[in-house]
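Peer 1: Numbering (mature numbering (1 follows the signal peptide of the UniProt record, and there is no 0)), first residue to last: -22 to -1, 1 to 209. All residues carry an ideal CB built from backbone N, CA and C; glycine is no exception. Quick one: the structure is below, and I'll ask about it shortly.
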């Protein structure tokens, strides 16, 4: 009986020792999937933090900060930027997709080949232009410049009306009003592209045996972001 107890505790000690020292490294394909899901879709965040040993900032906040950099010149309110960020995040979640096509073992690293179906940004730009012109026509009519479409401005011969139209169009407040009307909803009808883009990035061993890290992190995130928002 004593021998059985001794063997039991010896076996238990071995199991504990192996469990503590031999943490299994995450499969590189699973690590790459967790990276993409967490960084761009706000999913698998706990798995991401374990694999890459770093906290993930809130996805919506990150998108809003990015929008603030590109749209800050227009003086848009925090509420508008937040709404725009939420709509962009929803468009990414609903329309975009990715597939890990290949993971190549490079001995000291793993090269990941990912295929991304991003948003068709060319169509988003067309939508912005269309809605922008419609909103400008509305502002012109409210200011006494009666037109049905932007092209009608070329038909105006009255110098006073032309001056009024030019004054409105060149006013910075007009630009801000247009942006406030267009920007929040510009991603609502966004669709994904028909042909995907391919992005490659590299996984390197992390500090712990079970961890990974992204090589050239900033460039990798930028490359994937550009693929998500196809020009």
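For the beta strand (DSSP E) holding residue 183, just list the boundary residues, first then last.
Peer 2: Within the chain shown, residue 183 is the residue found at index 205, counting from 1. Run containing residue 183: 175 to 183, per the beta strand (DSSP E) assignment.
Peer 1: Take residue 169 and list the residues in its own chain whose beta-carbon comes closer than 8 Å to its own, dropping the five residues that flank it on each side.
Peer 2: Within the chain shown, residue 169 is the residue found at index 191, counting from 1. 73, 97, 98, 101.
Peer 1: Helix, strand or coil: which one does DSSP assign to residue 91?
Peer 2: For the purposes of this step, residue 91 is taken as residue 113 along the chain shown, with counting starting at 1. Reduced to three states, the DSSP call for residue 91 is strand.
Peer 1: Can you list, in chain order, the stretches of the beta strand (DSSP E) that have 3 or more residues and sit fully within the stretch 57 to 141?
Peer 2: The stretch 57 to 141 contains these whole beta strand (DSSP E) runs: 75 to 83, 88 to 95.
Peer 1: Which residue marks the beginning of the beta strand (DSSP E) containing residue 268, and which one marks its end?
Peer 2: Because the chain spans -22 through 209 in this model, residue 268 falls outside it and cannot be assessed.
Peer 1: Which first and last residues belong to the alpha helix (DSSP H) in which residue 155 is found?
Peer 2: Reading the chain shown from its first residue, position 177 is the one you call residue 155. Element bounds for residue 155: 150 to 160.
Peer 1: Among all the DSSP beta bridges, which residues are the ones paired with residue 170?
Peer 2: Position 192 of the chain shown holds residue 170. Answer is 97, bridged to residue 170.
Peer 1: Exposed or buried, which one is residue 47 when buried takes at least 16 other CB atoms within 10 Å?
Peer 2: As a working note, residue 47 is residue 69 in the chain shown. Residue 47 sits exposed, since fewer than 16 C-beta atoms from the chains shown fall within 10 Å of its C-beta.
Peer 1: Return the Cβ separation of residue 152 and residue 117 in integer angstroms, given the expectation that the two are a contact with Cβ distance under 8 Å.
Peer 2: In the chain shown, residue 152 corresponds to position 174, counting from 1. In the chain shown, residue 117 corresponds to position 139, counting from 1. Their Cβ separation, rounded to whole angstroms, is 6 Å, which keeps residue 152 and residue 117 in contact under 8 Å.
Peer 1: Within 10 angstroms of its Cβ, does residue 132 collect 16 or more other Cβ (buried), or is it exposed?
Peer 2: One-based indexing of the chain shown puts residue 132 at position 154. With fewer than 16 other Cβ atoms within 10 Å, it is exposed.
Peer 1: Looking only at its chain, what residues have a beta carbon closer than 6 Å to the beta carbon of residue 15, apart from the 5 residues adjacent to it on each side?
Peer 2: On the chain shown, residue 15 is found 37 positions in, with the first residue counted as 1. Cβ within range, chain order: 21, 22.
Peer 1: Going by DSSP, what residue range makes up the alpha helix (DSSP H) through residue 6?
Peer 2: Counted from its first residue, the chain shown places residue 6 at position 28. First-last of the alpha helix (DSSP H) with residue 6: 6 to 19.
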